[in-house]
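Protein chains: 2
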Amino acid sequence: MLQTSHQSAETPQRFAPGLLRGGRKRVAPAGDGRDPLAALGTHVQYGARGTVVREGEAADWLFRITDGVVKLHRLLRDGRCQIVGLLFAGDFLGIDREGAVSCSANAVGRVTAERFPRRAVERLCDSSAVAAGLLLRWASHELLAAQDQILLLGRKTPREKLASFLLGLSRRQRDPAVIRLPMTRTDIADYLGVTLETVSRSMGQLRRDGLIKPLDRKAVRIVDLLALEQVADCA
Amino acid sequence: MLQTSHQSAETPQRFAPGLLRGGRKRVAPAGDGRDPLAALGTHVQYGARGTVVREGEAADWLFRITDGVVKLHRLLRDGRCQIVGLLFAGDFLGIDREGAVSCSANAVGRVTAERFPRRAVERLCDSSAVAAGLLLRWASHELLAAQDQILLLGRKTPREKLASFLLGLSRRQRDPAVIRLPMTRTDIADYLGVTLETVSRSMGQLRRDGLIKPLDRKAVRIVDLLALEQVADCA
DNA sequence: CGACGCATTGATCGCGCTCAAATGTCGTGG
DNA sequence: CCACGACATTTGAGCGCGATCAATGCGTCG
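Below you can see the structure in the form of structure tokens.
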């Protein structure tokens, strides 16, 4: 079985995790100064839970997400899992690699991305300050996000973690008042450094306190934005 | 990050508390391809606990540490503190800024650094792929370190956190078997997302288990490197 | 329908936090 | 030089939060 008849994105795909379809090299306008990478890219697509790269693989590719959400996660030997990053449309995957891939990357829902040969990108960056600057700007921004996450993991309570997480998601979405949760409770737990039960309880707590209102399993409505920001304490 | 921001040409330069001495602009060999930044830099020095930059300040400067250790920390409203990064010789400070400084930076011991005018660095990066590449490479590496720290904070036990921390430090030092701790227990605690008592207890535990041997309060000898690596679980 | 995956809720346990006290270390001035 | 005080560190006692284990509910698919 390759694909369910349902087109809805959240339907779990049953086919083997991995690459759905690799496109042909796109013929892009060569002189496009706005996106120096475009000419190097190939479009690729992944099904829900598809594996983009696996920890330890040779780092031959650089990706740029065009649609969907990708989770970066690392495992400890005994199975403990931590999601070290969430990538959305526009984010790069694989900049931070030195020879081998440092963590696995999986599609959360369906994902489309551009894939660039790593060598070619490096050559481009060596010659084009525009290309290098593009990646540098993104890496700097990502570094900031990582610091936020470090503060969250090190010092925030589960309740505060969840509030911060929800607000972070809401900023990424069309309607900031209705948050679509692309991931399961387990994923959220692995992202926030708690257990899935704690995520569930914190969610219930925020609901009982009137800050949010769960719509369905994968969507939450922000009721009291101010109070939520207060809790998140994004000082 | 390194955005082109228009800022007053003459910012009244308030010397941060802790600044010992500001040097003169260094006249560097212009054609030095190895270090495209050198010509822009000024040497500065800070005393122990000196403030390099404070959260919220205008991000007018980029620093490169030449000696000593700098801690980056962020505070929550109620005083909880998290050290989001430690910078050593060769590390940059301030790449990840967008207009304002995102976290405070303090010298841990005595620190010397180069200071670059932010706008000049941005101009250089816009024109020189070498300069942009230098910063990009550093940012990528730092992003990797941040992911390690995220895994540590989210999923490791205090004992594992301390082991990882000690091993990380040892890699930075001349003699990898004798670790000099540049910081206090409180700082270590704020870096590892635990309390100072827990740091102390974990240290005692590693000592009793024969993995390390505290020499004095600011130095530790690694007795059983293999076991320590096992505990750190840097998978 | 039953099987499965995901989420919620409850009961209990133990690790790490908190509060508190004792001890050690360093810098400073008499 | 020693006495002193400030501060860093260690150690102890007790508690509470979040993890763990377990049961149940709920929606989807075969």
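These protein sequence lines map, in sequence, to chains Z and G. Residue numbers for the first sequence follow our numbering, beginning at 1162 and rising by one. Residue numbers for the second sequence follow our numbering, beginning at 1162 and rising by one. Using N, Cα and C, we set each Cβ at its ideal position, and we do this for glycine too. Everything numeric in this text was worked out from a predicted model, so none of it was measured.
Query, Result
"Straight-line CA distance for Z:Leu-1180 to Z:Val-1384?", "Low confidence applies here, because Z:Leu-1180 scores a pLDDT of 48, under 50, leaving its location unreliable and the question unanswered by this model."
"How long is the line joining the alpha carbons of G:Arg-1298 and Z:Gly-1246, rounded to whole angstroms?", "19 Å"
"Suppose contacts are defined by Cβ-Cβ distances below 8 Å. Is G:Glu-1343 in contact with G:Val-1269 by that definition?", "Checking the displayed sequence, the identity of residue 1343 of chain G turns out to be Pro instead of Glu. In this structure, G:Val-1269 lies closer than 8 Å to G:Pro-1343 by Cβ."
"Taking its Cβ as the centre, do 16 or more other Cβ atoms sit within 10 Å of Z:Asp-1336, making it buried, or is it exposed?", "exposed"
"Using a Cβ-Cβ cutoff of less than 6 Å, which residues in the same chain neighbour Z:Arg-1276 once the five nearest sequence positions on both sides are dropped?", "Thr-1203, Val-1205, Trp-1222, Phe-1224"
"Would you list the one or two residues that DSSP bridges to G:Ile-1244?", "G:His-1234"
"Using a Cβ-Cβ cutoff of less than 7 Å, which residues in the same chain neighbour Z:Leu-1386 once the five nearest sequence positions on both sides are dropped?", "none"
"What does Z:Lys-1374 pair with, by DSSP beta-bridge criteria?", "Z:Arg-1382"
"Rounded to a whole number of angstroms, what is the C-alpha to C-alpha distance between G:Gly-1294 and Z:Ser-1363?", "43 Å"
"Could you tell me if the beta carbon of Z:Asp-1239 falls within a distance shorter than 7 Å of some heavy atom in the ligand MN?", "Looking for the ligand MN in the displayed structure turns up nothing, as the structure carries no ligands at all."
"Is G:Ala-1261 close to chain Z? Criterion is C-beta to C-beta, closer than 8 Å.", "no"
"Any chance the segment 1327-1336 of chain Z sits against the segment 1282-1294 of chain G, with 3 or more Cβ pairs inside 8 Å?", "no"
"Give, in chain order, every residue of the segment 1299-1316 of chain Z whose Cβ lies closer than 8 Å to some Cβ of chain G.", "Ala-1300, Ser-1301, His-1302, Glu-1303, Leu-1304, Leu-1305, Ala-1307, Gln-1308, Gln-1310, Ile-1311, Leu-1312, Leu-1314, Gly-1315, Arg-1316"
"Quick check: the Cα distance between Z:Ala-1338 and Z:Glu-1390, rounded to an integer number of angstroms?", "13 Å"
"By the 9 Å beta-carbon criterion, what residues does the segment 1235-1258 of chain Z contribute toward chain G?", "Arg-1235, Leu-1236, Leu-1237, Arg-1238, Asp-1239, Arg-1241, Cys-1242, Gln-1243, Ile-1244, Val-1245, Gly-1246, Ile-1256, Asp-1257, Arg-1258"
"How should G:Arg-1279 be labelled, buried or exposed, when 16 other C-beta atoms within 10 angstroms of its C-beta is the threshold for buried?", "buried"
"Figure out for me which residue from G:Thr-1347, G:Arg-1210, G:Leu-1367, G:Tyr-1352 has the closest Cα to the Cα of G:Glu-1358.", "G:Thr-1347"
"Classify Z:Glu-1303 as buried or exposed, calling it buried when 16 or more other Cβ atoms lie within 10 Å of its own Cβ.", "buried"
"Determine, using beta carbons only, whether Z:Asp-1287 comes closer than 8 Å to chain G.", "yes"
"Locate the beta strand (DSSP E) running through G:Ala-1266, then write down its first and last residues.", "1265-1268"
"Measuring only between beta-carbons, confirm whether G:Gly-1217 sits less than 8 Å from chain Z.", "no"
"With burial defined as no fewer than 16 other Cβ atoms inside 10 Å of the residue's Cβ, what is the status of Z:Arg-1258: buried or exposed?", "buried"
"For G:Asp-1114, decide whether its Cβ has a neighbour in chain Z, counting only Cβ atoms nearer than 8 Å.", "Residue 1114 of chain G lies beyond the residue range present for chain G, which begins at 1162 and ends at 1396; the question has no answer from this structure."
"What residue does the beta strand (DSSP E) around G:Asp-1252 start on, and which one ends it?", "Note, G:Asp-1252: premise wrong, no beta strand (DSSP E); not H, not E."
"Answer with yes or no whether the minimum CB distance from G:Asp-1196 to chain Z is below 8 Å.", "no"
"Which of the three DSSP states, helix, strand or coil, is assigned to Z:Glu-1390?", "helix"
"With 8 Å set as the bound, which would you pick, yes or no: does the beta-carbon of G:Asp-1370 sit closer than that to a beta-carbon of chain Z?", "no"
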